[in-house]
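Structure first, commentary second.
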Amino acid sequence: MARWAHACLLLLLMVILGGSWTAVNALTFPQHYTIMHWARRIEQEIDRVLQHISGAQQLKGIYLEKKKHFSLVRNNPRDIVEKVATDIERLLAKKRKALERLASEAERLQKEHRWQDGIKDGEDIDSQMSLKLDFVYDPSFKNQVNYSHTAVQIPTDIYKGAPVILNELNWTQALERVFIENSRDDPSLLWQAFGSATGVTRYYPAAPWRAPDKIDLYDVRRRPWYIQGASSPKDMVILVDVSGSVSGLTLKLIKASVTEMLDTLSDDDYVNVARFNEKAEAVVPCFDHLVQANVRNKKIFKEAVQQMQAKGTTDYKSGFHFAFNQLLNKTNVPRANCNKIIMLFTDGGEDRAQDIFEQYNWPNKTVRVFTFSVGQHNYDVTPLQWIACSNKGYYFEIRSICAIRINTQEYLDVLGRPMVLAGRIAKQVQWTNVYQDALGLGLVVTGTMPVFNLTVNGDSQNQLILGVMGVDVHLDELKRLTPQYKLGANGYIFAIDPNGYVLMHPNLQPREEDLPEQVTLDFLDAEVEDSSKQEIRRQMIDGRSGDMTIKTLIKSMDERYIDDVTRMYTWTPINDTDYSLGLVLPPYSEHYIQADLSDVMLQLQYLQSLLPNSFESAGHVFLAPRDYCRRLHISENNTQFLVDFLSLMVEISPESEDCDQGLIHNLILDSGILWQLATRVWQNKDLGTYGFLALFASTNGGVTRVYPNMAAESWDEDPEPLNSNFYRRSLDNKGYIFRAPTRTSMDDLLISENGTVGILVTTAVEVAFGSKTMKPAVVGVKLDLEAWVDKFKILASNVSDSRQAAHKCGPSRSCEMDCEVNSDDLLCYLIDDGGFLVMSNQRDHWKKVGLFFGEVDPYLMFALYNNSIYSRHQTFQYQSACEPTASSHTGAAHRGFYVPSIADFLSLAWWTSAAAWSILQQFLYGVMYSSWFTTADVWAESADSKGSSSCVTVYSQFYFTNTTNSFNVLQDCGNCSRLFHAKRIENTNLLFVVAETLPCSSCEIEKLLPVRTKSQEENPCDVLNSARYRKGPDKCFDYNSEENTSQCGSAHSLHCPLPALLLVQLFLIYLILRS
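Reminder that position 775 of the sequence shown reads as 775 in full-length UniProt numbering, one-by-one numbering, no gaps.
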């Protein structure tokens, strides 16, 4: 009986298992030919419907019909680039003339000024500083200004009542007349400014100062334009004493001082930082030579300096050995090759290291040595004074936080001596890198000229620099000199400086405003780097002319996509500057359309198509916001801009001298052409039948028409076609370009007014005029996602397919799964060429359309990348700010006294806890060092700020490889595996992916994301390998035989006075409580 029961149980298990096995086998992964068949059906349906409804072919015919109304003009790259270079040269020459007048007048005014020791700040000077001015808004300055006066800015940490400041205000007041005369001679002049070596800034026109915080930390002497104009480039080694005696507050002060010192360096300078006790070593171990003082390297140094710890004994000789070897070795390592400087930060010592100076530096003294006695101590400072005075340097004391900023920048006065003594030969105009203007003007470059003290002390010429004169040039001024609209959407002018940084480029779009640093975007980072572009960059830096046609990769404007394109590069130097200018043209921009609408009646007919009463029948019109006429002001409201344009055309003719006839004629021609497209083609189509939400077209002439009119309510594309991603990408790609709404995993789904999502599909209109081929327009549709997902699932299924009718599943045979019926078991996707989800057969993916596919199915995206279906291009942003991360690292020895950051200064909690100790400390030190300090108590933000921490942002773009367009892959994860098939959809930018649902989550993969942040930078050693070619200034002023080096510092230090410290602390607490 038991055997019979056991046999029945086995039979039952076999039946159950057999049934399960049959059920499992009934559904199989689709065969290769099946998926290929689905892909062809999708291709054919896309092409059939879009050809029928978009009007691309009809628009091509309309352009051919209108050929008599325009001509094709050839773009000659060499002529264009040389003309623009000449125009920029003339523009900058006018600014140079203004600078020369200002510098000459400033030197005369200061020479004639009679110094007043007894000047009081309550006299005439105070009334000048506190004038109540009336301001008017000037769009050229993007600010409220007053053209009758100058304004003055003085850093918070400078005592405004000091005689040197009051005298400075007195004689610079007369510059107001020169500023005004310059502005009358050249109305295009923007900010004119004099930055004084004392820290005073006088600028014109007067404008309210934009202090970013309640405490104004702006100091002109730390601005890029001042640093570049005040001295020649520098090779600097910073030596930091980390012996055991340097601990607690002193070590904190040294770290903060080194950080401030690094901020006085620009991209023309080279630097290394070393710590020493019994031996010396670089704080960044693999920086075995000087490196460029760019943003990235300075950040690496600042982070390394914060990790220094104090131990051992002091040996100056080890430190100086290291420094001189760095500065004097004859290797081919790039450097500034001008001023050679050693900066020694220490608490003090007895050794003078004389034998080291005899070995390396005497008698010529080609290296200057500056010494800094840091902290409160009783050490004899005479050796430090001797070291500085014996090596053409200067001795400084930093007893407290108050003295850091001023004492780490005054060495520039010493470096300026040879420049002053050189006289007229050193009066050179220099042009800066791009940076953010402090008064909100935006991205500017500044022309600078040093201003010298021409007074004579007895028989000796004064050797002090008075300051730097500066004149701003907004980048838009340079862009206006380029024939942007003749170059097409993907043609552009760019310019670079001797460091290879761009000052004009379409991708020069800083992600953060008010950056304290210069905007240093290298040409090779603005584009996708390759060997051809490296050679172009080198030739441009060397000031040579040339041209080259190359196959290259380019990034889209939104930096989400990469395209493989052909481009012609042409370049030439800009005379009398260090800049070089380049032109980039795609093949289809070798010619441009120039309309000739001399027929007034035809003009009126086409202009009528822009009237709002035509929108209901022919679709809404958007106008590119261009400078068509002087009297037409660009408005952010495009509808208002269109109305203003039409109103102006009623008053004046397109041929008016106030208007750009070429721009307006092209605009009117294109408006008429698109009106005919809408009335001939679009009005006859039932969009709902085809699953479309809208039809649209954009032209190079600046017109975009969207049909029907109601679709314009949800239209959020740029009204300037040349700045539109869909327009630019369509020109560079064949076929249909799909683009889902741009979004991230944190965004809500973008829903249109009828409750669905719109997918843009665009294609360029290519027109052949004889042997000349052009792409004057782009047409497109907006798909209704819901309707097209249903269509997609049907096209990728066995439903209504006679070829597969015999393959229906039955009880005794297996059948292939499809995307319609088997969505629970089979994943079907359409992904674009950047790796973003366009369509899916999964219901829960409705809200994921537009997301990067690595966030939808990270394992499958990694498999697509790992099997070379996608390639990846990465760029790194080194100026990012991220949330701080907890750290277990501690400083050297005991903290002793916390050195506050700017965030701490603005923190009431810190002030209340630290005020008592700070006052006591200053009182005790003030008794010992009773000198009067002339600055307010201010602290600059340091690298160990408790606010945001620095990090690296990695931007990735994915793109199709140039391998086969069909892939069968088994993704093996060890414990699990799944099949997937990927097939390119011909004549589109889509990838059709069919995969089993098994997630294979046990796979160890790299999660691919388009943007990610890293709390720490790449290996610093990689920086050395990635150093790029650059060229420093041609002239160097680092030596003059007449220099008087007897003024080299004394044992008098700057301290915060007790009354001033108390008043500042109480005032800051009052401000914080009020806010």
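All C-beta atoms in this analysis are idealised placements derived from N, C-alpha and C, irrespective of residue type, glycine included.
Values in this document were obtained by computation on a predicted structure and should not be read as measured data.
Residue i vs residue j beta-carbon contact at 7 angstroms
{"i": "V502", "j": "L521", "result": "yes"}
{"i": "C338", "j": "P498", "result": "no"}
{"i": "E89", "j": "I387", "result": "no"}
{"i": "T953", "j": "Q877", "result": "yes"}
{"i": "A323", "j": "I300", "result": "no"}
{"i": "A282", "j": "A274", "result": "yes"}
{"i": "G447", "j": "V471", "result": "yes"}
{"i": "H412", "j": "Y395", "result": "Residue identity differs from the one stated: residue 412 is Leu in this sequence, not His. No."}
{"i": "A336", "j": "D269", "result": "yes"}
{"i": "V444", "j": "V519", "result": "no"}
{"i": "Q874", "j": "S956", "result": "yes"}
{"i": "L837", "j": "V821", "result": "no"}
{"i": "L760", "j": "F726", "result": "yes"}
{"i": "I536", "j": "Y959", "result": "no"}
{"i": "R743", "j": "G850", "result": "yes"}
{"i": "Q430", "j": "Q228", "result": "yes"}
{"i": "R417", "j": "E1043", "result": "yes"}
{"i": "L785", "j": "A764", "result": "no"}
{"i": "L327", "j": "V367", "result": "yes"}
{"i": "K340", "j": "D459", "result": "no"}
Rounded separation between residue i and residue j - CA only
{"i": "K317", "j": "E350", "result": "12 angstroms"}
{"i": "V220", "j": "A151", "result": "14 angstroms"}
{"i": "R978", "j": "E559", "result": "32 angstroms"}
{"i": "K551", "j": "N965", "result": "21 angstroms"}
{"i": "L253", "j": "I404", "result": "8 angstroms"}
{"i": "Y218", "j": "K142", "result": "20 angstroms"}
{"i": "V305", "j": "V643", "result": "60 angstroms"}
{"i": "S887", "j": "L439", "result": "Its pLDDT being 42, under 50, S887 is placed unreliably in this model, and the value from its coordinates should be taken loosely. The alpha-carbon atoms of S887 and L439 are separated by roughly 37 angstroms."}
{"i": "L478", "j": "L91", "result": "8 angstroms"}
{"i": "P483", "j": "P1020", "result": "42 angstroms"}
{"i": "K204", "j": "L169", "result": "One point to set straight first is that residue 204 is Tyr, not Lys, in the sequence displayed. Distance between the alpha carbons of Y204 and L169 is about 14 angstroms."}
{"i": "E105", "j": "W225", "result": "20 angstroms"}
{"i": "P187", "j": "T201", "result": "22 angstroms"}
{"i": "V778", "j": "T704", "result": "9 angstroms"}
{"i": "R424", "j": "G467", "result": "15 angstroms"}
{"i": "D564", "j": "K555", "result": "9 angstroms"}
Unbroken beta strand (DSSP E) run spanning residue i, endpoints
{"i": "V643", "result": "Premise fails: V643 lies in the alpha helix (DSSP H), N638 to E651, not in any beta strand (DSSP E)."}
{"i": "D784", "result": "K772 to D784"}
{"i": "G662", "result": "Not the beta strand (DSSP E): G662 falls in the alpha helix (DSSP H), residues Q661 to R680."}
{"i": "L760", "result": "G758 to F769"}
{"i": "residue 1077", "result": "This structure does not reach residue 1077, given that the chain is present from 1 up to 1075, and the question cannot be answered."}
{"i": "Y707", "result": "V703 to Y707"}
{"i": "A495", "result": "Y492 to I496"}
Where the alpha helix (DSSP H) containing residue i begins and where it ends
{"i": "D47", "result": "H32 to I53"}
{"i": "G835", "result": "Taken as a continuous stretch (DSSP letters only), G835 belongs to no alpha helix (DSSP H), as it is neither H nor E."}
{"i": "V273", "result": "Here V273 belongs to no alpha helix (DSSP H); instead the beta strand (DSSP E) covers Y270 to F276."}
{"i": "M601", "result": "V600 to Q608"}
{"i": "A618", "result": "F615 to A618"}
Rounded Cβ spacing between residue i and residue j (contact assumed at less than 8 angstroms)
{"i": "S545", "j": "T572", "result": "4 angstroms"}
{"i": "N272", "j": "H289", "result": "7 angstroms"}
{"i": "I46", "j": "Y736", "result": "6 angstroms"}
{"i": "G244", "j": "T313", "result": "7 angstroms"}
{"i": "C815", "j": "T28", "result": "7 angstroms"}
{"i": "E682", "j": "L695", "result": "In the sequence as displayed, the identity of residue 682 is Trp instead of Glu. With 8 angstroms as the limit, W682 and L695 qualify as a contact, their Cβ atoms being about 5 angstroms apart."}
{"i": "W675", "j": "A712", "result": "The Cβ separation is near 15 angstroms, so there is no contact."}
Exercise. If you scan the segment 510-583 from start to end, which runs of the beta strand (DSSP E) of 3 or more residues do you find wholly inside it?
Worked result: 546-555 and 562-573
Exercise. Considering only residues of the segment 980-1047, which uninterrupted beta strand (DSSP E) runs meet the minimum length of 3 residues and lie entirely inside it, listed in chain order?
Worked result: 990-996 and 1011-1014
Problem set entry | Complete runs of the beta strand (DSSP E) confined to the segment 289-371 [at least 3 residues] | 339-346
For this session: Let me know the beta strand (DSSP E) ranges lying completely inside the segment 68-104, each 3 residues or longer, listed in chain order.
Result: 70-74
For this session: Taking only runs that begin and end inside the segment 399-456, name each unbroken beta strand (DSSP E) of 3 or more residues, in chain order.
Result: 443-452
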